[in-house]
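Student:
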Amino acid sequence: MNIKKLLTPFTAWGNVTKDPVTIKDPLNERPGADRYRGFHRNDVEACVGCGSCEDICENEAIDLMPAKDTKDGDSGLRPMIDYGRCCWCALCVDVCTTNSLTLSNEYTWISTDPEDFRYIPGIDKKEWDNNNDKGWKKPEPNYEFYPLKRIQPSHLSPEDRSDSFIEMMHGYSKDQAMQEADRCVECGICTATCPAHMGIPEYIKAIRNDDLEEGLRILYDTNPLPEICGRICTHKCETVCTIGHKGDPLSIRWLKRYIADQNPSERYKKILETENLVSKGKKVAIIGAGPSGLSAAHYLVQMGYEVKIFEKLAAAGGMMRYGIPSYRLPYDQIDKDIDYILSLGVDIQYNINVGNGEGEISLETLGNDYDAVFSGTGLHLGRSTGIPGSDNKHVYASPDLLRWIVEGKEFEVPENVVVIGGGNVAMDITRSMARLQMKKYGKVGVITTALEGEDKMPADREEIDEGREEGCIINPGWAPKSVEIDSNGVPTGLNVVKCHSLFDSEGRFNPQTDEDNKEFWPGTMIIESIGQGMDISYLDGKYKDQLEFGPRGRVQTDEYYQTGLPWLFMGGDIIKGPDVITGIATGHKAAVGIDRMLNPEF
Amino acid sequence: MQKGINNLIEKFGASDLVERRSGLSFITVDQTKAVAAITHLKDIDGYTVLSFITAADWIEDGKMQLTYMLNNPAEVAEIAIRVMLERKKEAGESMETIHHLWPNAKKWQQELKEMYGVDFPTSPGVNDSFILEGWDDMPPNRRDFDTKQYAEDTFFPRGGRVTHDPATYMREQLDPKDPQYYTKKKKKDINS
Amino acid sequence: MEEKKDKFLAPENEVRQVSAPDGSIIEVDPLKDYFSQEKPEPYKVGSGPVENFLNWARAESLWVLGFGTGCGSIEIPPLVTPRFDMYRFGVQMRATPRQSNVFIISGYLAIKTLKRAIRAYEQMPSPKYIVALGSCTINGGMYYDSYNTINRLDQYLPVDAYIAGCMPRPEALLAGFAELKKLIKAGKGHKANEYVENLEWYKTNQKKIIKDWNMPDYNW
Amino acid sequence: MNEDRSLYPEHDENGKPIIDLESHKFLKLWQGPQHPGITGNMSLELTVSGDEIVESKTHVGYLHRGFEKLLERRLFVQCMPTSIRLCVAEPDPNEYIVSTAVEELGGIEIPDNAKWLRMLSLEMARLQVLLRGVPGQAGTFALGLGYQWGNYLRDLILDSFEELTGGRVYHMYIIPGGVRGNLPEGFKGRMLEKLKLIDEFVVKIDKLIFQNVVFESRAKGLGHIPKEWVDKYGVYGPAARASGVMRDVRKTNPYLNYDQLDFEPHVTTEGDVYARSVVRYNDLQMTVDMIRQILDKMPDGGDIRAQTPNVLHWKIPKGETYVKCESSRGEYGMYFVTDGSDKPRRAHLKGPSYTHANALLDKLLINANIADTAAIMVSLATCPPEIER
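If you read the protein sequences in the order shown, they are chains F, B, Y and D.
First residue of the first sequence? That's 897 in this note's numbering, and the numbers climb one at a time after it.
First residue of the second sequence? That's 74 in this note's numbering, and the numbers climb one at a time after it.
First residue of the third sequence? That's 2 in this note's numbering, and the numbers climb one at a time after it.
First residue of the fourth sequence? That's 2 in this note's numbering, and the numbers climb one at a time after it.
(1) Could you give the distance in angstroms between the alpha-carbon of I90 of chain D and the alpha-carbon of I919 of chain F?
(2) Using beta carbons (cut-off 8 angstroms, strictly below), is Q129 of chain D in contact with chain Y?
(3) By alpha-carbon positions, which one of F:I1155, F:R1357 and F:L1225 ends up nearest to E1134 of chain F?
(4) By a C-beta neighbour count over all protein chains shown, 10 Å radius and 16 as the cutoff for buried, is G1111 of chain F buried or exposed?
(5) What are the start and end residues of each continuous beta strand (DSSP E) run of 3 or more residues lying completely inside the stretch 143 to 222 of chain D, in chain order?
(6) Using a Cβ-Cβ cut-off of less than 8 angstroms, give me the residues of the stretch 141 to 174 of chain B that come near chain D, in sequence order.
(7) Indicate the three-state DSSP secondary structure (helix, strand or coil) for C1395 of chain F in the structure shown.
(8) Please confirm if Y333 of chain D has its CB atom under 8 angstroms from at least one CB of chain B.
(9) Taking all protein chains shown into account, decide if T913 of chain F is buried (16 or more other Cβ within 10 angstroms of its Cβ) or exposed.
(10) What are the start and end residues of the alpha helix (DSSP H) that includes N938 of chain F?
(11) Check whether the stretch 116 to 128 of chain Y and the stretch 189 to 197 of chain B touch, using three or more Cβ-Cβ pairs below 8 angstroms as the test.
(12) List, in chain order, every chain F residue whose beta-carbon is nearer than 9 angstroms to that of M173 of chain D.
(13) Bridge partners of I1006 of chain F, per DSSP?
(14) Counting contacts by CB-CB distance shorter than 8 angstroms, is L123 of chain B in contact with chain A?
(15) Near H936 of chain F, which residues of its chain fall below 7 angstroms by C-beta distance, leaving aside the five closest residues on each side in sequence?
(16) Take every Cβ of the stretch 336 to 348 of chain D, pair it with every Cβ of the stretch 71 to 84 of chain D, and state whether three or more of those distances are shorter than 8 angstroms.
(17) Flag D34 of chain Y as yes if its beta-carbon sits less than 8 angstroms from any beta-carbon of chain D, otherwise no.
(18) According to DSSP, simplified to helix, strand and coil, what is R1404 of chain F?
(19) Name the DSSP bridge partner or partners of I1257 of chain F?
(20) Could you pull out every residue in the same chain whose Cβ sits closer than 7 angstroms to the Cβ of Y1236 of chain F, ignoring the five residues on either side in sequence?
(21) Under 7 angstroms between beta-carbons, which chain B residues line up against K29 of chain D? List them in chain order, please.
(22) Quick test of the definition: if touching needs 3 or more C-beta pairs under 8 angstroms, does the stretch 103 to 119 of chain B touch the stretch 136 to 151 of chain B?
(23) Specify, as a first and last residue, the run of the beta strand (DSSP E) that H1276 of chain F falls within.
(24) Report the residue ranges of all alpha helix (DSSP H) runs contained in full by the stretch 272 to 321 of chain D; include only those spanning at least 4 residues, in chain order.
(25) Could you tell me the distance, in whole angstroms, from the CA atom of Y336 of chain D to the CA atom of S328 of chain D?
(26) Check the Cβ-Cβ distances between P249 of chain B and every residue of chain Y, and say whether any is below 8 angstroms.
(27) Would a check of beta-carbon distances place D249 of chain D closer than 8 angstroms to chain B?
(28) Consult DSSP for A58 of chain Y and reduce its assignment to one of helix, strand or coil.
(29) With D363 of chain D as the anchor, note down where its alpha helix (DSSP H) starts and where it stops.
(30) Can you find at least 3 beta carbon pairs, one from the stretch 1424 to 1437 of chain F and one from the stretch 1311 to 1330 of chain F, that sit closer than 8 angstroms?
(31) What is the residue span of the alpha helix (DSSP H) that Q35 of chain D lies within?
(32) Taking only three categories from DSSP, how would you classify L139 of chain B?
(33) Using the Cβ count rule (16 or more neighbours within 10 Å means buried), how would you classify V1476 of chain F?
(34) List the DSSP bridge partners of Y130 of chain Y.
(35) May I ask you to list, following chain order, the residues of the stretch 87 to 101 of chain B that have a beta carbon less than 8 angstroms from some beta carbon of chain D?
(36) Between Y1042 of chain F and I1139 of chain F, is the Cβ-Cβ spacing less than 8 angstroms?
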């Protein structure tokens, strides 16, 4: 036997003199590490209840429970965690679209009741809610579970587009659309915010699955004008998109356009299964072929009604055709959508005005001849600022000018133009005028002002940026004071003063200006684009007393847009909005209302 | 590596070669020639290690794929032999055993019988229970076995849980009279 | 049911003839002859200072059965080694159920293990306690959709304390033992009696999922 | 032990021992699942004659959770939390093989920094297993002291894991696309301090175990694996290297940045429990050295994850692959099949314990002493959850 090997192990006795490594008070001395994945906490104010955490949880440990008020962009739901399921992997933290969900470094929870282990972090108060800042947070840097950068479709460069009314945005290619669609987390927060409640996650999913026919069907469930909305929708959905909290919101509008663009119009009827619509004999008249009228016509004809539209102008589309320049919305795309609706059997009569004058058809006649009437006559009158000099004949309203451009009416394009207004219509007229100037003079001379500051302008950001790229001067934060008019009665320019704030402390419209800080902007044409008014004189006469009028002269309706006259429904910009998608939504709902009235048994 | 694959293609009519990366190939061999091919690989081409035998259920195609992963330690190469069996509706696919080549193959074969229902007649103990005990349902790894349904029916998860879909919930809250469902229903009604 | 029972009966449990060492041939029915047929009785719970003293004694000597039923058993070695050293809290590991009064169900229980766990639990002397670790014992946890693991432990065995975590850290386990001590000292640690009183219900649940019930009903 | 007992009891023509339980010479003895001498939750059905084992059969399934079925119901990213629980003692190789399989079939290239961090976590995992396993081998001969020391040091490594990954045992660190965090501040320094403690421990262990006549006399010659069995029975990792066959995936099929490290796995030829202990003891030292090299060579921060498609609906084209890495027990691989959907079609784990604990263990235990079963099992590092999944 090897004596050395017998004795060597006894050297272990050397440890007797060493300090013990035992932790004295393991219950209190051992906080979790800085990154420890302990119990959940949630910043309920930042959380929007999108449910991505629920989707990614492989253990089905997360439920969404009502905990807050529902509002646009916030479902009011908050995650409830079941610690009978959770495995503390923290994928829910990493996927969280708002970074509101984190894990604390607490780890001790003992109970005799197995039902205890469920709670809504942030709502059900726990001791780890605010005790320290430690615990698991989404890792940095460049660690994202979905791409945050938006895929931009290609478009004409400012040089190529500045003198042309050809559509500037090209649609998505298949690859681009797939990549963009991939970013969606399918939360559906956008759906409620969209006035028409379009099935946005569903059609984006159809793009991912490359099933564009299914996509088109989903679009037409709620929106019969996808080509148009795919280009010029105000996309409220994108402002609430949950991806937008951390990155660029999804390009929902361009994705919608992609679906509509990729489906050829001759296949629409087959895809949408509308080849054999059966009429049930009842008749509905629609006044105005704008978004709301067309939408109502589409759904009514699908429900089996005979529909006839009465349109004042020579072509259908309303403001979509006469208010939006063709570099944003080309006419052939308007026609594609409208032609499909008309092809379903919708009758349309152009160049006929509803009113009480000569050569006009009266509301009373319609009411007698048809079972129901839907009116969506829209806002076609320009509003004026009323500043000194604004009654000059060279001071124009934007709807008129835009309509003239569409109709091809000749008018003089001056070298210098001043536009008053900061909305999308103001941008439209600004950029249209710039194009006309570019064609005529080879240079742009447009100054656009708005009361609102740069960050508060109501126009879409990209509209402003693109306008600037095209050479327009957009100079927000100035209030128009007066129009300078020379001896010939032609304006020479606009006096403006700096505007600090628009609303007073109680939220009332009360612009505060700095009279000392003033400027003079030269221009021989002044365009006012500060909103539009409606012409509802056709209601005059015996019906007027039966209708109720609300603020700003709008007719009061119920939730199905039925007025005080049971057979008269009204929708579109004259009731709500103004924008295209709201018009479509009101038309759709009014169609349902009409059906409920005429077919109560259903 | 290349030699082994060439042999497989020439002598055993192997097909569908996929070279995943250098040193790892997947190839399909006909069921009747598979054992001969594997023996050849082991005895002649130096694929002396059996890494594993497993299956993949292609229920849509009516195929049950067996995969034999063979390793050649000298050449640092791996070949996976795929054998596509005709999938039977009620389990019971059959394949020749290779336990005479590697003794531990019998354990994988026993597992395949239990988890997939693929039989290896003459493999020792193939019918003994291996992992499961008292199992009386279909072999659980077959694609048509729904484990979640089974778990819910058998183990009764704790009740009292509800969840809400954000999109539906928000619409109920913000716009209770949503026209969409109405139209859909109506459209169906008209078409029918 | 009868037929099924036979199908799964292990060979060593079949009725058979064996030769005794003295050469005589006897017939044995292992399930009947080798196990108790007596239905278990609840033990008596006293009151007053004597009971308080007993509870104190029980609480301060928690002897844990060394049966790692799932993942959580990986956190037991740190407890028995110097760093956390649970011996100083009166908690120690025992190798056999006959010497233990605490059973740690360390996470998920596969059906095959549940069968053994029931036997081990029943062999432990009362009063005895079960500490359940992790999500799996509460509501299925990670394996909620698995065909081979149970979802709710309280359906099959009476649980005294649950510790949340997947898996709970050694410190959480120590906190769990502290909690268990409090329970026992407060006279609330009589789940073993609950088990006996509701034996029918437990057995029905157990037999529902252990399809090859080829062991005696009582393992006392 | 030295006399040839391989022909006892008599064997029939098929090489099976003739065992008549009625003869009162043999006894059936179940070891496990509840038994202190069992690694994890499994059991051995032993037939013994006296205290000598004549037949052994491994029973598994006590930890079967149906992972492979469950993975078929999980999105690719959801596979991660599930699959790391495949092997409890050493979860990181699971994370690595599943992530890599997903990346390989999904066509994702991970950043270099993430590769180093992956290596670090894999080696730390190996270290914590060996800190328990090497002295644990002596523990099976009732020498528990080293086990106590080793477990303390293992806990220090787990503390480092907690700092780095946020988890003590289930790290959830490696994820498709990369890893979930850079080194925390001061991590390198603290890790190097701990490695110094392990250096001291290595010396102490040598004196306690390998300079120990009891360990030597019990472990030498026990559970002998001849070289020919390595291929035949599928022996991997340290166990194969103890029998004179070089098996180390890090060396033969270098993955991540292992080709940039300088290491030479120990190979010896005896093939018994003692040799396997020595190989793993050398592995322990080698791992410590490799962690030092990794900490030295890895970049100071950087990208941790490549951008993957949206994980909530990441679809991977049809394909199959086999990804392997070296765990502390040997080759550890994942056979992964995708079918174009957002969930795997098939995921099959190939762990060394499967072959070690099944056919091989049954063979090795024959003619061994009942008291030596634990030693042989531990020397093969059998891990039941990995066998039955």
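For glycine and all other residues, C-beta sits at the position ideal for the given N, C-alpha and C.
All figures in this text were calculated on a predicted structure; none of them were measured in a lab.
Tutor: In short:
(1) For the purposes of this step, residue 90 of chain D is taken as the residue at position 89 of the fourth sequence. For the purposes of this step, residue 919 of chain F is taken as the residue at position 23 of the first sequence. In the sequence as presented, Ile is not what sits at residue 90 of chain D; that position holds Ala. Cα to Cα, A90 of chain D sits roughly 23 angstroms from I919 of chain F.
(2) As a working mapping, residue 129 of chain D is identified with position 128 in the fourth sequence. So no, Q129 of chain D is outside the interface.
(3) By one-based count along the first sequence, residue 1134 of chain F stands at place 238. Checking every option, the nearest Cα to that of E1134 of chain F belongs to F:R1357.
(4) The count along the first sequence starts at 1 and reaches residue 1111 of chain F at position 215. By the neighbour-count rule (16 or more Cβ atoms within 10 Å), G1111 of chain F is buried.
(5) none
(6) M142, P146, V149, E151 and A153
(7) Looking up residue 1395 of chain F in the first sequence gives position 499. Three-state result, C1395 of chain F: strand.
(8) For the purposes of this step, residue 333 of chain D is taken as the residue at position 332 of the fourth sequence. Output row for Y333 of chain D: interface = no.
(9) Counting from 1 along the first sequence, the entry for residue 913 of chain F is found at position 17. Looking at its Cβ environment, which holds fewer than 16 other Cβ atoms inside 10 Å, T913 of chain F is exposed.
(10) Taking the first residue of the first sequence as 1, we reach residue 938 of chain F at position 42. Premise fails: N938 of chain F lies in the beta strand (DSSP E), H936 to N938, not in any alpha helix (DSSP H).
(11) no
(12) To locate residue 173 of chain D, count along the fourth sequence from 1; it is residue 172. Neighbours of M173 of chain D on chain F, chain order: R933, C983, W984, C985, A986 and L987.
(13) Here residue 1006 of chain F refers to the residue found at position 110 of the first sequence. Bridge partners of I1006 of chain F: Y:I164.
(14) Given the protein chain composition of this structure (F, B, Y and D), no chain A is represented.
(15) Your numbering for residue 936 of chain F matches position 40 in the first sequence. The answer, listed in chain order, is I977, L997, L999 and P1017.
(16) yes
(17) Taking the first residue of the third sequence as position 1, residue 34 of chain Y is located at position 33. Cβ-Cβ to chain D under 8 angstroms: no for D34 of chain Y.
(18) On the first sequence, position 508 is the one that residue 1404 of chain F refers to. Coil.
(19) Locating residue 1257 of chain F in the first sequence gives position 361, counting from the first residue. Answer is F:V1250.
(20) Reading the first sequence from its first residue, position 340 is the one you call residue 1236 of chain F. Within the same chain, Y1236 of chain F has close Cβ partners S1161 and Y1164.
(21) Taking the first residue of the fourth sequence as 1, we reach residue 29 of chain D at position 28. None at all; the shortest Cβ gap to chain B is about 16 angstroms.
(22) yes
(23) Mapped onto the first sequence, residue 1276 of chain F falls at position 380. Start and end: L1275 to G1278.
(24) 274 to 298
(25) The count along the fourth sequence starts at 1 and reaches residue 336 of chain D at position 335. The count along the fourth sequence starts at 1 and reaches residue 328 of chain D at position 327. Going from the Cα of Y336 of chain D to the Cα of S328 of chain D covers about 16 angstroms.
(26) Numbered from its first residue, the second sequence carries residue 249 of chain B at position 176. Answer no: the Cβ-Cβ gap between P249 of chain B and chain Y never drops below 8 angstroms.
(27) Taking the fourth sequence and counting its residues from 1, the one referred to as residue 249 of chain D is at position 248. False, the Cβ-Cβ gap to chain B never drops below 8 angstroms.
(28) On the third sequence, residue 58 of chain Y is found 57 positions in, with the first residue counted as 1. Helix, per DSSP.
(29) As a first step, residue 363 of chain D is located in the fourth sequence; it is residue number 362 there, counting from the start. Here the alpha helix (DSSP H) through D363 of chain D covers L362 to L366.
(30) yes
(31) Residue mapping note: residue 35 of chain D aligns to position 34 of the fourth sequence, counting from 1. Counting along the chain, Q35 of chain D falls outside any alpha helix (DSSP H), and DSSP gives it neither H nor E.
(32) What you label residue 139 of chain B is simply residue 66 of the second sequence in a count that begins at 1. Note: L139 of chain B maps to strand in three-state DSSP.
(33) For the purposes of this step, residue 1476 of chain F is identified with residue 580 of the first sequence, where counting begins at 1. The residue in question, V1476 of chain F, is buried, as its Cβ has 16 or more Cβ neighbours within 10 Å.
(34) Residue 130 of chain Y sits at position 129 when you count from the first residue of the third sequence. Its beta-bridge partners are Y:V103.
(35) V91, R93, R94, G96, L97 and F99
(36) The count along the first sequence starts at 1 and reaches residue 1042 of chain F at position 146. The count along the first sequence starts at 1 and reaches residue 1139 of chain F at position 243. Yes, Cβ-Cβ distance for Y1042 of chain F and I1139 of chain F is below 8 angstroms.
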